[in-house]
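Residue numbers (UniProt numbering), protein chains in the order written: chain A, 1 to 192; chain B, 1 to 192.
For every residue, glycine included, the Cβ atom is placed at its ideal position computed from N, Cα and C.
Predicted model, so just to flag it, every value in this text is computed and none were measured.
Everything on this sheet refers to the single structure shown next.
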DNA sequence: TTTCTTTCTTGTCTTTTGTAAACGTTTTTT
DNA sequence: AAAAAACGTTTACAAAAGACAAGAAAGAAA
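Structure below.
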């Protein structure tokens, strides 16, 4: 169960066995079914999640509409970082899109790990560096690319996700309406 | 000169005097005039910049057009993180918009600081956390808000920058054309 | 299976944006 | 001071996206 997690950590730093045991005992396993909220609107969250299996999305509600801003699958951390770090109530919702298996890390436990494991800061620093690069690319794509280009990029870079997530969620994730995505797809088919 | 930098670092961690001296000696001061490229297209970069004074932007070239993707002023780190971290050639350009004063940190020197200063990983981790929150907010704004809303948000959150940066650069930064921004501004004036 | 819900597509109409070019103004350079 | 470059706005037209509603298709639940 935690082997999968340490396959992930090994890409960043070489934790010693004692470190891994500390880490493993700090994280708790959680099995949740589809459509479960991991983080709720207007509440504080003190949990980070490592997704072992399944699929999650993060979304906002704007004018009564659900707008998906992030989608992720296996082997990644997710959380409402803003609320987690600053302690403020969070405006986003994180929910499962499939039955999912998670490792949950509590903020207090994380703070303890920073003290007890010397490599912990370096580990998180490296994860954040990777995450930042990804966010930078996503942000750049919004400025640089048209919705159609963003869709075709998603198609080529992450084809798997298209089978796991309903199109209307992908649409808002791309910054457009479901109607518009449907038309873009039609346009692409007609071209080929 | 470095006092200003340590006023910044103090917000994150309490470096000891010896640490600060190591840091100070690793960073070099650079004075550059307007329109100087700090990072160039298709070249690798091994430098990070802390902006003491002035204003910078990061931009891409798409279809011969300059598209600004980031603008920042005093007291922040900037760099082509992607190229800096992964060692690949970078597709963006960073240039000064005003005569600027910088502290420059080299990748090799940074790696040395990670070894010599125990708090260094924690310091960078905390900066990255803040940066990630900012990027997340920017990205969310692109998905959630209309160009007009993004402009009015920028207006209220960072009015100073409007006086320092030409409007056509702000336009692309907002993901729209200069023409469109001009129309949005007109629309806003007519409303009030 | 049958029903119910969710998802996807299509049509019409309106609004917004992009493109390209022109024009006046301001700023910078020589 | 004169010339050149950069900047901001406007116009006309084309392309794309949003809103809204209707209906088909697919999937889940009873």
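query	result
What are the residues of the segment 124-152 of chain A that lie near chain B, defined by any Cβ-Cβ distance shorter than 7 angstroms?	124, 125, 128, 129, 131, 132, 133, 135, 136, 138, 139, 140, 142, 143 and 144
Who are the neighbours of residue 41 (chain A) on chain B, taking C-beta pairs under 8 angstroms?	Per Cβ cutoff of 8 angstroms: no residues; residue 41 (chain A) is ~14 angstroms from chain B at best.
Check whether the Cβ atoms of residue 60 (chain A) and residue 140 (chain B) sit closer than 8 angstroms, and answer yes or no.	yes
Grouping DSSP H, G and I as helix and E and B as strand, with all else coil, what is residue 140 (chain B)?	helix
Quick check: what's the CA-CA separation for residue 122 (chain B) versus residue 149 (chain B)?	36 angstroms
Go through its chain and collect everything with a Cβ distance to residue 12 (chain A)'s Cβ below 6 angstroms, but skip five positions before and after it.	123 and 126
Given a cut-off of 8 angstroms, decide if residue 103 (chain B) and residue 79 (chain B) are closer than it, judged by their beta-carbon atoms.	no
For residue 176 (chain B), report the span of its beta strand (DSSP E) as first-last.	That residue, residue 176 (chain B), is in no beta strand (DSSP E); it is neither H nor E in DSSP.
Are the CB atoms of residue 37 (chain A) and residue 92 (chain A) within a distance shorter than 8 angstroms?	no
Could you tell me which uninterrupted alpha helix (DSSP H) segments, each at least 4 residues in length, are contained entirely in the segment 9-62 of chain B, listed from first to last along the chain?	17-26
Measure from the alpha carbon of residue 45 (chain B) to the alpha carbon of each residue in B:14, B:105, B:171 and B:112, then state which is nearest.	B:105
Kindly list the residues whose CB is nearer than 6 angstroms to the CB of residue 52 (chain B), restricted to its own chain and excluding five residues on each side of it in sequence; keep chain order.	4 and 101
Assuming the contact rule is C-beta atoms closer than 8 angstroms, residue 99 (chain A) and residue 34 (chain A) should be a hit. Round their C-beta distance to whole Å, please.	6 angstroms
Do the segment 65-72 of chain A and the segment 165-172 of chain A meet, that is, are 3 or more Cβ pairs less than 8 angstroms apart?	yes
With 16 other CB atoms within 10 Å as the buried threshold, where does residue 188 (chain B) fall?	exposed
In the DSSP assignment, the beta strand (DSSP E) including residue 100 (chain B) goes from what residue to what residue?	100-106
Is the separation between the beta-carbon of residue 113 (chain A) and that of residue 128 (chain B) shorter than 8 angstroms?	no
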